[in-house]
Structures are given as structure tokens and as C-alpha cells.
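The numbering of the sequence shown is our numbering, which starts it at 16 and goes up by one.
Working notes, beginning with the structure itself.
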Amino acid sequence: MTYGGELLVHAETLSSASQNVAAAHNELNSKLHDLRTLLQPLTQTWSGQAAADYQERQRQWDQAQADLNEVLQQIGKVLEVAQQQYGDAERANIDVWA
16 MTYGGELLVH
26 AETLSSASQN
36 VAAAHNELNS
46 KLHDLRTLLQ
56 PLTQTWSGQA
66 AADYQERQRQ
76 WDQAQADLNE
86 VLQQIGKVLE
96 VAQQQYGDAE
106 RANIDVWA
């Protein structure tokens with residue numbers, strides 16, 4: 016958050032954001048797994064072009080899920096690094112005045 020050109024950072028907010036990203040990542044994967052499990056009995060009955068088309072779409076969805084997982088993991092790592100770096104800078108500033 017900015018105040019008159021200043022940047023205000025709360026380590027707790029960065030930590031919370033990192034945890035929220037991890038929770039979203041886990042929830043998304045869980046829901047997609049549940050959906051696949053729910054659809055499996057139906058899709059196993061398909062044959063021919065319907066089965067091939069579904070498998071291609073499923074492959075695309077799987078790739079999109081993998082891409083999203085990678086992005087969420089990167090965001091989580093960036094938040095963790097930012098929290099660590101801001102914490103280190105704050106401790107260094109405190110040490111200057113100690």
C-alpha cells in the first residue's frame with residue numbers, strides 16, 4: 016500500500032498471501048481431481064471420435080492445470096522471498112539504530 020509516495024509493507028500480509036496462494040493451489044487441484052473422478056464412469060463408456068475428442072480436451076485441460084500450478088507456485092515463491100527480504104531489511108534498519 017502506498018501513502019504519499021511511501022510503500023508500506025506488512026510481513027504478515029505477505030505471509031498470509033503466500034499461504035492463500037498455496038491454499039488456492041491445493042483447492043484447485045482437489046476440485047479438478049474430484050471432477051475427473053466424477054466424470055470417469057461416463058467417459059469410460061465413450062468410444063470412437065467422442066472418446067478421442069474428450070481425451071484431447073482432457074490433455075489440454077491437464078496442460079492448462081499444470082501451467083496454472085506452475086504460475087501459482089511461482090507467485091507463492093515470490094511472496095515468500097519478498098517477505099524474507101523485507102524482514103531482513105527491517106532487521107538491518109533496526110540494527111543500525113541499536
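Each residue gets a CB set at the ideal place from its N, CA and C atoms; glycine is no exception.
In this text the structure is predicted, and so the values were computed from the model without any measurement.
For Val23, three-class secondary structure by DSSP: In the sequence as presented, Val is not what sits at residue 23; that position holds Leu. Note: Leu23 maps to coil in three-state DSSP.
Do Leu87 and His40 have their C-beta atoms within less than 8 Å of each other? yes
Residues of its chain near Ala66, where Cβ-Cβ distance is below 8 Å and the 5 sequence neighbours each way are ignored: Thr58
8 Å CB neighbourhood of Ala114 in its chain, flanking five on each side removed: As shown, the chain starts at 16 and ends at 113. That puts residue 114 outside it, with no answer to give.
Are Leu91 and Val24 close, meaning C-beta to C-beta below 8 Å? Before going on, a small fix: residue 91 reads as Gly here, not Leu. No, Cβ-Cβ distance for Gly91 and Val24 is not below 8 Å.
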